[in-house]
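Reading through the structure tokens given below for one structure.
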Amino acid sequence: MINLSYDREHVWHPYSCLPPPSPPLPVAATEGRHIILEDGRRLVDGMSSWWCAIHGYNHPKLLAAAARQLKTMPHVMFGGLTHEPAIDLAEQLVTLTPAPLKKVFFADSGSVSVEVAMKLALQYWMARRQPARHRFLAVRNGYHGDTFGAMSVTDPVNGMHRLFSGVLPKHLFAPAPLPGFAETRDEPAEDIAALSRLLDAHREEIAAIIIEPIVQGAGGMRFYRPAYLRQLRALADDYNVLLIFDEIATGFGRTGRLFASEWAGISPDILTVGKALTGGMMTLAATLCTEEIAFTLCSNPPRALMHGPTFMANPTACAVANASIDLLLDSPWQQRVQAIEARLRDGLNDLAELEGVRDVRVLGAIGVVELEADDRAQRAQDAAVAAGVWLRPFGRLVYTMPAYNITEEELAQLIEGMRHAVEAACA
Ligand SMILES: *Cc1c(COP(=O)(O)O)cnc(C)c1O
């Protein structure tokens, strides 16, 4: 038996207190698209463990890759040493991401990869003898992680980090991109104009713009148009600032393209990936940058990027990431994501008519129901679990991002669970 009372007294859970207001569910095992609770209940997983488990759980190919690597070299330090899993993974990432991104830094979590992205930008401008460029331009509703640098570019008001505003550096925030992915017109709208005004007013100070392309995740599950990113790229070039895309949530096919930046056909100067990188099995993230950034940084004192986590490029995590990427590319992932998108639209769209529902939106393998009230998350979660589905709503958002290989039947059950959750939340 899992010792729940010890958990209650001693173990922190994400964004929670001790003892937690509602106890976590004890999980005994995972299997395919199922989370198996200690009492034997099997829940269809709607969360992919926060965007990660894109192939479902316990995939035999990922398990085999981990087992192989564990036998030869579970871990070794990366300072002064190197190994095949890391080199192979770097090559995969350079090949798959937009062409100008050529240099790879392996980090141990998404937040750390964002810290590294910010350091790259700062050190780049130091190397170019423009140290006054030390501020970042971000957008409202963004989310980039929980470490201090990442918090400082996350939405300062609606984010989870308002508490720390006194100690965080003051960066610049433009309004969030207007909602709506399908927006096709290319002329600049007020959102990009506001961003452009900030760039203009602070042109000497800005090191980089940082944004999640196409999908703003934990900051509101909002989708926006590719044209915005094209205009952003053009502005970054005009004002000579770097552009950082945080694809930790969107990378590896989630939006229907391998990387969300592909919707706009543009490339950032710095890119972060994480979450689905290992198919949800190990903690690993990476920051990629252009030749020019690496060359500039390395041609000037101190001739080093000042970061180096203990578990940098952990061989087991890299081996699993290589297997996960192979598995993804060998699968009909694009058709699968499209099919999930169509089914989610079909199954969720009419919830928009329910009183208490503000909006329903679907993009790729992401389905979101936004409620009017922000205090119904627990009620929604309980209703989903009662219907045999794992959802973890937060604030006004009941949302799902299932594994790409979810079966028809499981997806039908997941949609039923979403509907129960939303109806319970609105009741
Ligand atoms: C989850 C997430 C992060 C933080 O990643 P962790 O691995 O939780 O540190 C950063 N940016 C985005 C867009 C994310 O979704």
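If you count the sequence shown from 1, position 91 lands on 107 in the working numbering, and the numbers rise without skipping.
Glycine included, each C-beta is placed from N, C-alpha and C at the ideal position.
Source: prediction; values computed, not measured.
Please return the same chain residues whose Cβ sits closer than 7 Å to the Cβ of residue i, not counting the five positions on each side in sequence.
i           : result
residue 333 : 294, 298, 299 and 300
residue 353 : 269, 272, 380, 381 and 420
residue 86  : 332
residue 130 : 160, 161, 165, 166, 262 and 288
residue 38  : 394
residue 282 : 245, 246 and 249
So, at 6 Å on beta carbons, what are the nonlocal neighbours of residue i in its own chain, with the 5 sequence-adjacent residues on each side left out?
i           : result
residue 236 : 157
residue 243 : 202
residue 41  : 53
residue 431 : 363
residue 255 : 215 and 219
residue 89  : 331
residue 58  : 50 and 52
Work out the CA separation of residue j and residue i for me, nearest whole Å.
i           : j           : result
residue 186 : residue 168 : 7 Å
residue 401 : residue 74  : 21 Å
residue 106 : residue 72  : 24 Å
residue 408 : residue 425 : 21 Å
residue 60  : residue 248 : 39 Å
residue 153 : residue 385 : 29 Å
residue 317 : residue 19  : 53 Å
residue 346 : residue 233 : 27 Å
residue 405 : residue 140 : 47 Å
residue 144 : residue 252 : 17 Å
residue 266 : residue 417 : 11 Å
residue 79  : residue 213 : 50 Å
residue 191 : residue 285 : 22 Å
residue 195 : residue 21  : 44 Å
residue 443 : residue 111 : 49 Å
Within 10 Å of its beta-carbon, does residue i have 16 or more other beta-carbons around it, so buried, or fewer, so exposed?
i           : result
residue 25  : exposed
residue 394 : exposed
residue 9   : Not covered by the structure: residue 9. The range shown for the chain is 17 to 443.
residue 226 : buried
residue 67  : buried
residue 28  : exposed
residue 311 : exposed
residue 113 : buried
residue 340 : buried
residue 207 : buried
residue 155 : buried
Only counting the same chain, and skipping five residues up and downstream in sequence, which positions put a Cβ closer than 8 Å to that of residue i?
i           : result
residue 91  : 327, 330, 331 and 332
residue 104 : 334 and 338
residue 17  : 54
What distance in whole Å lies between the Cβ atoms of residue j and residue i, which are believed to be in contact at a cut-off of 8 Å?
i           : j           : result
residue 133 : residue 230 : About 18 Å; that fails the 8 Å criterion.
residue 356 : residue 427 : 7 Å
residue 307 : residue 119 : 7 Å
residue 396 : residue 441 : 4 Å
residue 414 : residue 437 : 5 Å
residue 290 : residue 70  : The Cβ separation is near 13 Å, so there is no contact.
residue 121 : residue 302 : 6 Å
Please confirm whether residue i has its beta-carbon closer than 8 Å to some beta-carbon of chain C.
i           : result
residue 421 : The structure shown contains no chain C, having only a single protein chain.
Segments of 4+ residues assigned as alpha helix (DSSP H) that fall wholly inside the region 189-269: Runs found: 206-217 and 242-254.
Sequence ranges, alpha helix (DSSP H) only - wholly within the region 343-406, length at least 4: Complete alpha helix (DSSP H) runs here, min 4: 349-364 and 393-402.
Sequence ranges, beta strand (DSSP E) only - wholly within the region 54-128, length at least 3: If one requires a minimum length of 3 residues, the beta strand (DSSP E) runs lying completely within the region 54-128 are 58-61 and 117-123, in chain order.
Every unbroken beta strand (DSSP E) within the region 124-155, with a cutoff of 3 residues, ordered by chain: The region 124-155 contains these whole beta strand (DSSP E) runs: 151-155.
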